[in-house]
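Colleague: Plus 42 on top of the position in the sequence shown (first one is 1) and you've got my numbering.
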Amino acid sequence: MTHNSNKVVIFLGPPGAGKGTQAERLAREHGLVQISTGDILRDHVARGTELGQQVKPIMEAGQLLSDHLLIALIRDRLAAMGPVRVIFDGFPRTQAQAEALDLLLEELGAPVNSVPLLEVPDQTLIDRIVERGRQATARGEQARSDDTEETARKRQQVYREQTQPLIEHYQRRGHLYTVDGVGTMDEVYGRIVSGLK
Ligand code: AMP
Numbered sequence: 043m044t045h046n047s048n049k050v051v052i053f054l055g056p057p058g059a060g061k062g063t064q065a066e067r068l069a070r071e072h073g074l075v076q077i078s079t080g081d082i083l084r085d086h087v088a089r090g091t092e093l094g095q096q097v098k099p100i101m102e103a104g105q106l107l108s109d110h111l112l113i114a115l116i117r118d119r120l121a122a123m124g125p126v127r128v129i130f131d132g133f134p135r136t137q138a139q140a141e142a143l144d145l146l147l148e149e150l151g152a153p154v155n156s157v158p159l160l161e162v163p164d165q166t167l168i169d170r171i172v173e174r175g176r177q178a179t180a181r182g183e184q185a186r187s188d189d190t191e192e193t194a195r196k197r198q199q200v201y202r203e204q205t206q207p208l209i210e211h212y213q214r215r216g217h218l219y220t221v222d223g224v225g226t227m228d229e230v231y232g233r234i235v236s237g238l239k
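As structure tokens, then:
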């Protein structure tokens, strides 16, 4: 497999659908770089940087940060790459972010290849998020402060209002395919890989 041509995969799906876990494996096995905006931001919060201090309360409330901030962050990451071989997980999340990303990728000559949409029933999502928080605590780790039932519901609502419209954005361009996100990690991974272009 050649790993020197551009490839862009965007994971779509609600919070708790398994985007992070699946994107991590896909990146590892396909020679791609995972860009998880949530992880990048949590790292800033953990290090107590100026940006981290600024975004912490917004993340804890389950709200989205400004498009301007996220677009600048992504622009910097992409500019630092040779061939653009990337999996986005958690970006774009709004129409403005999707349009900005289209432009950025056009400038770089690296169009979107595939957009898997992970589908999982609402209550399963909440259960998974609450369980993720519980397990982190049981391992003696710091659970994500937004992995509570109340904030999970808020994040779901924000997803429905602001991110779900992107399904149509990528459907119109012929990039989107839906993946049943219920099953073992291997089963879901197999479905994702079989739909990749
Ligand atoms: P995630 O780990 O992807 O669920 O992201 C955790 C939190 O980080 C979100 O609830 C937002 O507060 C913030 N965040 C991550 N990505 C974005 C984005 N693309 N646009 C706005 N806010 C974001």
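Glycine included, every Cβ here is placed at the ideal spot set by N, Cα and C.
For the beta strand (DSSP E) containing residue 74, name the first residue and the last one.
Modeller: Note, residue 74: premise wrong, no beta strand (DSSP E); not H, not E.
Colleague: Any idea which residues DSSP pairs residue 219 with across the strands?
Modeller: 158
Colleague: May I ask you to report which of helix, strand or coil DSSP gives residue 50?
Modeller: Looking at residue 50 - three-state DSSP - the assignment turns out to be strand.
Colleague: Any contact of the stretch 202 to 213 with the stretch 129 to 139, i.e. 3+ C-beta pairs under 8 Å?
Modeller: yes
Colleague: Going by DSSP in three states, residue 43 sits in which element: helix, strand or coil?
Modeller: Legend: pLDDT at residue 43 = 49, less than 50; position of this residue unreliable, no value from coordinates given.
Colleague: Secondary structure at residue 131, three-state DSSP: helix, strand or coil?
Modeller: strand
Colleague: For residue 87 and residue 151, what's the separation of their Cα atoms in angstroms?
Modeller: Spanning the two alpha carbons is a distance of roughly 33 Å.
Colleague: Comparing C-alpha positions only, which one of 208, 193, 228 and 238 sits nearest to residue 58?
Modeller: Considering only alpha carbons, the answer is 193.
Colleague: Under 8 Å between the Cβ atoms of residue 231 and residue 67?
Modeller: yes
Colleague: Report the start-end ranges of each alpha helix (DSSP H) in the stretch 137 to 215 that is 4 residues or longer and not cut off at the edges.
Modeller: 137 to 150, 164 to 180, 191 to 200 and 207 to 214
Colleague: In the DSSP assignment, the alpha helix (DSSP H) including residue 226 goes from what residue to what residue?
Modeller: Careful: residue 226 lies outside any alpha helix (DSSP H) and carries neither H nor E.
Colleague: Could you check where the alpha helix (DSSP H) with residue 97 kicks off and where it finishes?
Modeller: 92 to 102
Colleague: Tell me which same chain residues have a C-beta within less than 7 Å of the C-beta of residue 224, skipping the five on either side of it?
Modeller: Excluding sequence neighbours, residue 224 sits near 162 and 166.
Colleague: Just to confirm before moving on: does the CB-CB distance between residue 159 and residue 235 stay below 8 Å?
Modeller: no
Colleague: From residue 43 to residue 157, what distance separates their C-alpha atoms?
Modeller: Low confidence applies to residue 43: its pLDDT is 49, below 50, so where it sits in the model is not reliable, and the reading given next is rough at best. C-alpha of residue 43 to C-alpha of residue 157: approximately 21 Å in a straight line.
Colleague: Please classify residue 78 as buried or exposed, where buried requires at least 16 other C-beta atoms within 10 Å of its C-beta.
Modeller: buried
Colleague: According to DSSP, simplified to helix, strand and coil, what is residue 78?
Modeller: strand
Colleague: Would you check if there are 3 or more beta carbon pairs closer than 8 Å linking the stretch 182 to 189 to the stretch 99 to 107?
Modeller: yes
Colleague: Is residue 132 near the ligand AMP, judged by its Cβ being under 7 Å from some heavy atom?
Modeller: Checking the Cβ of residue 132 against the ligand AMP gives yes.
Colleague: Output yes or no for whether 8 Å exceeds the beta carbon distance between residue 61 and residue 144.
Modeller: no
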